[in-house]
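Student: Dropping the structure in here first, questions after.
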Amino acid sequence: MSQPSGAAILVQGLIDQGVEFVFGYPGGAVLPIYDELFGDERIRHILVRHEAGAGHAAEGYARATGKPGVVLVTSGPGATNAVTAIADAYMDSIPMIVLTGQVPTSLIGTDAFQEADTIGITRHCTKHNYLVKDPADLAATIEEAFRIATTGRPGPVVIDIPKDVQIAVPSQSRASKLTATHRYAPQMVASAEQIAEALEMIANAERPILYTGGGVINSGPEASELLRQFQDLTQSPITSTLMGLGCFPSTHPDFLGMLGMHGTYEANMAMNRCDVMVCIGARFDDRVTGRLDAFSPDSKKIHIDIDRSSINKTVPVDLGIVGDCAAVLGQLIAAWGERKPQDLGEWKARIAGWRARECLAYPEKSAKHPDMIMPQRAIERLHALTRHKEPIVSTEVGQHQMWAAQYYGFESPNKWLTSGGLGTMGYGMPAAIGAQLGCPDALVIDIAGEASIQMNIQELGTASQYRLPVKVFILNNEYMGMVRQWQELTYESRYSNSYSDSLPDFVALAEAYGWKGIRIERPEDLDAGILAMMEHDGPVIVDCCVASDANCLPMIPSGAAHTDMILYGDRVDGTMDDEAKALV
Amino acid sequence: MKIATAASERHVLAVTVDNEPGILAKITGLFTARGYNIDSLTVADISDDHAVSRITIVTNGPPQVIDQIETQLERLVPVHKVVDLTAAGPHVERELALIKVAGKGEMRVEALRIAELFRAKVVDTTTQSFVFELTGAPDKIDSFIALMRELGLVSVGRSGVVGMMRGLKSV
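First to last, the protein sequences are chains A and B.
Heads up: the first sequence begins at 2 in our numbering, then just goes up one per residue.
Heads up: the second sequence begins at 27 in our numbering, then just goes up one per residue.
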């Protein structure tokens, strides 16, 4: 019995790929793999409480470390529970390997116990997926899966492994078909002509803007460094999408903040009025562009993206460059040479005018609840009191997420973990757990809402089990706040099912799981509560009760242009026509 | 409110892929998921070792959508190459059809006469029916079927379009 089984080959394959952690949950169809992991010191298995938690934890780990996250779940419900996280990783281009157990090959297609068509279900939310029917194919499949997940535009790859394939040994006679082929080779660098053309456009721009996104982060820390150098050469104003926050320091005078639906007035106005837009690793998402026919009407557009299908998908561009952000930025910097930047004084003066509008200013007190903490204030204080630790911040999805993006400034990449594309509530806590494992010395904070946090609240147990000192900072406004805000804007304040009724006592809940629980109710207790959270050497839930009527502004309403932002002080309640209602 | 529509054009795409399980589902699913159209689709393996298949897809859509279809197909790992034959230049399109016609007397004679004009082959016959085999460009087959409709058309099977560039170039 010297021949390794499929399960042994799999575990060895993971070790060869440098895997430190596997986030998973056992079940019938993966028992052979779990037995192989038993007592193996080389890989640490993190037992989650629900497979969605495993997926998001792997995402958080990947986003914080730049290494692929690995998930191991059983067949049927194990796999289907992981699907939301897989779709999330697909939308946000997160490298992830998901190993799913499958019923034995002889039972596939018979509606066997815990059988689901995992390959069929995940076909359109993975970068690639495999059903491995012979242990002889496993080693090559794992090698290729990691390569596909981590190179080019990163993404999730599913490997579905029937139980008998985990137990069997490869037949000597059959060599793998996969080994010889190196079939996935993304284009990394731009042609010299494209670089020259781009440089000509950028160097002659009077009103340039750099519009950066998650692609810069995915390209690695070097890309963020090169972006800083390139901005320094061109002196161009720069904005970032939600996913790109941290790729450029928020405190830099030329940084305009986030753009898009809840972006800053100055970023959106500059996007609208620029003459040359350089999109680097972003994808003209609908949250970013607003109304397409009014999107930056007078600009020449350059789009740098590793995925050719992102170029000209929604916004036609003048120059599309397929390549890796770091590689192309390096080429642009080299080609820039000794040039001097244009005098952009006039352009920057206009931007300063928009900045003076102070779009992120908010009322000191809520109209309805003058004694409550303003949620924006809570994030500002959290930032002020924690920034020296350069924490990793994850979020759930909703108003708190946008406030975190607006008021928590990031100076470096891989510090900001959020579900941007899919907008998955319940992402933040498991992502924080994954990030904390990958970065054990970092302060990791999940900025949450009281509704979102309940979507994966079971993962409190995971953090307790592995002694992970994650901090969950809940902005509790007793509403699914973003839904409530939209109902106010679009449906004449008919708050259909958006009130968070029957909330748990979060402090008691924290204590039930062995966490520390802190409740902050009054503005004067805010700083002390945050400091107490940081001082505790272990996981903490902070239930920060905030004014329930605060809206997330500025905002570009559905179907509006960048120039039609709602700012504080504007009247926002009312109803909309059907065309606007149909937009999300 | 109105659902928006845009003017479309017809394109023939030749796609070479790894002949592996699920690749056809990946491609057809991509079209459904992103709301693209498939007018016809043919597939068969084309290499000695059965490792590579060629898929010909006839689709229609606005130019921007056609470009997206091409790039989205190229994103799939098992896809080697996508060539838009319509955009690439002169190319040949052929389709095979089997057409069954039933009738007696003058109708039967007329069906056979028209079949000869179209160079259709009779591949099966009874005293009351023919099965014609016809290859050609899709519009030729369309007009043959239209004529047969008046002469006792019973059933039609069509292969969908297979296409190839004219001249020396591969694809």
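Quick reminder that beta carbons are idealized off the backbone N, C-alpha and C, glycines included.
(1) What does I303(A) touch in chain B if you count any residue whose Cβ is under 7 Å from its own?
(2) Step through the CB atoms of chain A and report whether any lies within less than 8 Å of the CB of K52(B).
(3) A65(A) and V74(A) - do their beta-carbons sit closer together than 8 Å?
(4) Hey, does Y185(A) have any beta-carbon neighbour from chain B nearer than 8 Å?
(5) Which value, in whole angstroms, describes the spacing of the CA atoms of Q103(A) and A113(A)?
(6) Look at the alpha carbon of M262(A) and the alpha carbon of Y480(A), and state the distance between them as a whole number of angstroms.
(7) Opposite S66(B) in the DSSP bridges: which residues?
(8) Determine the direct distance from the alpha carbon of L179(B) to that of I10(A), and round the result to whole angstroms.
(9) Under 8 Å, CB to CB, which of the residues in the segment 43-75 of chain B have a partner in chain A?
(10) If you measure from the beta carbon of R101(B) to each beta carbon in chain A, is any gap under 8 Å?
(11) Report the three-state DSSP secondary structure of F469(A) (helix, strand or coil).
(12) If you drop the 5 nearest sequence neighbours on each side, which residues of the same chain put their C-beta closer than 6 Å to that of V197(B)?
(13) Pull up the DSSP beta-bridge partners for H37(B), would you.
(14) Ignore the nearest five residues each way along the sequence and tell me which others in A295(A)'s own chain have a CB closer than 6 Å to its CB.
(15) Can you list, in chain order, the residues of its chain with a C-beta nearer than 6 Å to that of R208(A)? Leave out the 5 residues immediately preceding and following it.
(16) When we look at the beta-carbon of N269(A) and count the other beta-carbons within 10 Å, is it buried (16 or more) or exposed?
(17) Using a Cβ-Cβ cut-off of 7 Å (strictly less than) and excluding sequence neighbours within five positions of S501(A), which residues of its own chain qualify?
(18) What residue range does the beta strand (DSSP E) around Q18(A) cover?
(19) Write down every uninterrupted run of the beta strand (DSSP E) in the segment 127-181 of chain A whose length is 3 residues or greater and which is fully enclosed by it, in chain order.
(20) Buried or exposed: A59(B), going by 16 or more other Cβ atoms within 10 Å of its Cβ?
(21) Could you tell me which of V158(A), K134(A), I458(A) sits nearest to I475(A), measuring between CA atoms?
(22) So T97(B) contacts chain A; which residues on that side make the cut at Cβ distance below 7 Å?
(23) If contact is defined by three or more beta carbon pairs under 8 Å, each pair taking one atom from either stretch, is the segment 31-42 of chain A in contact with the segment 53-63 of chain A?
(24) Since D150(B) meets chain A, which of its residues come closer than 7 Å, beta carbon to beta carbon?
(25) Short check: CB of F158(B) to CB of K147(B), under 8 Å?
(26) For T111(A), does the count of other Cβ atoms within 10 angstroms reach 16, so buried, or fall short, so exposed?
(27) When DSSP builds the beta bridges, which residues end up paired with N477(A)?
(28) What are the boundary residues of the alpha helix (DSSP H) that I218(A) is part of?
(29) Considering just the uninterrupted stretch of the beta strand (DSSP E) at S181(B), what are its terminal residues?
(30) Using the Cα positions of Q173(A) and V31(A), report the straight-line distance between them to the nearest angstrom.
(31) Could you check the C-alpha separation between A181(A) and L48(A) for me, to the nearest Å?
(32) Rounded to the nearest angstrom, how far is the Cβ of V188(B) from that of T85(B), given a contact under 8 Å?
(33) Using a Cβ-Cβ cutoff of 8 Å, what residues of the segment 82-95 of chain B are near chain A? List them in chain order.
(34) Consider the Cβ of M191(B): report whether some Cβ of chain A lies at a distance smaller than 8 Å.
(35) Put M191(B) into one of helix, strand or coil per three-state DSSP.
(36) Suppose you measure from the CA of L15(A) to the CA of M535(A); what does that come to, to the nearest Å?
Tutor: The structure says:
(1) Those within 7 Å of I303(A) in chain B number zero; the least Cβ separation is about 18 Å.
(2) Cβ-Cβ to chain A under 8 Å: yes for K52(B).
(3) In this structure, A65(A) does not lie closer than 8 Å to V74(A) by Cβ.
(4) So, interface residue.
(5) Within the model, the alpha-carbon separation for Q103(A) versus A113(A) is close to 10 Å.
(6) Their backbone Cα atoms lie some 20 Å apart in a straight line.
(7) Paired residues: V84(B).
(8) Between the alpha carbons of I10(A) and L179(B) lies a distance of about 60 Å.
(9) Listed by position, the residues of the segment 43-75 of chain B near chain A (Cβ gap below 8 Å) are D44, P47, G48, A51, K52, G55, L56, A59.
(10) Closer than 8 Å to some Cβ of chain A, the Cβ of R101(B) qualifies, so yes.
(11) First, the amino acid is wrong: residue 469(A) is Leu here, not Phe. Residue state for L469(A) is assigned as coil, using DSSP reduced to three classes.
(12) Hits under 6 Å: A40, V109, M191.
(13) Bridge partners of H37(B): T85(B).
(14) Cβ neighbours of A295(A) beyond the five flanking positions: A562.
(15) Result list for R208(A): C275, D276, W348, in chain order.
(16) If you draw a 10 Å sphere on the C-beta of N269(A), you find 16 or more other C-beta atoms in it, and that means buried.
(17) Result list for S501(A): E451, A452, E479, Y480, M481, in chain order.
(18) It is not in any beta strand (DSSP E) - Q18(A) carries neither H nor E in the DSSP assignment.
(19) Segments of the beta strand (DSSP E) lying fully in the segment 127-181 of chain A: 129-132, 157-163.
(20) Flag for A59(B) reads exposed.
(21) The candidate whose alpha carbon is nearest that of I475(A) is I458(A).
(22) Those are R309, S310, listed as they occur along chain A.
(23) Segments in contact, no.
(24) In chain order: nothing, as chain A lies at least about 36 Å away.
(25) Cβ distance < 8 Å, so F158(B) and K147(B) count as in contact.
(26) Under this definition T111(A) is an exposed residue.
(27) Answer is C546(A).
(28) Per DSSP, I218(A) belongs to the alpha helix (DSSP H) from 215-219.
(29) From DSSP, the beta strand (DSSP E) with S181(B) extends over 179-184.
(30) When rounded, the separation of the alpha-carbon atoms in Q173(A) and V31(A) is 24 Å.
(31) At A181(A), the pLDDT of 47 sits below 50, so the modelled position is not reliable; the number obtained from the coordinates is stated separately. Rounded to the nearest angstrom, the two C-alpha atoms are 36 Å apart.
(32) Contact doesn't hold; Cβ gap of about 15 Å is too wide.
(33) For the segment 82-95 of chain B, the set of residues with a beta-carbon nearer than 8 Å to any beta-carbon of chain A comprises Q90, D93, Q94, in chain order.
(34) No, because no Cβ of chain A sits closer than 8 Å to the Cβ of M191(B).
(35) The answer is strand: DSSP assigns M191(B) an E or B state.
(36) Whole-angstrom Cα-Cα distance: 35 Å.
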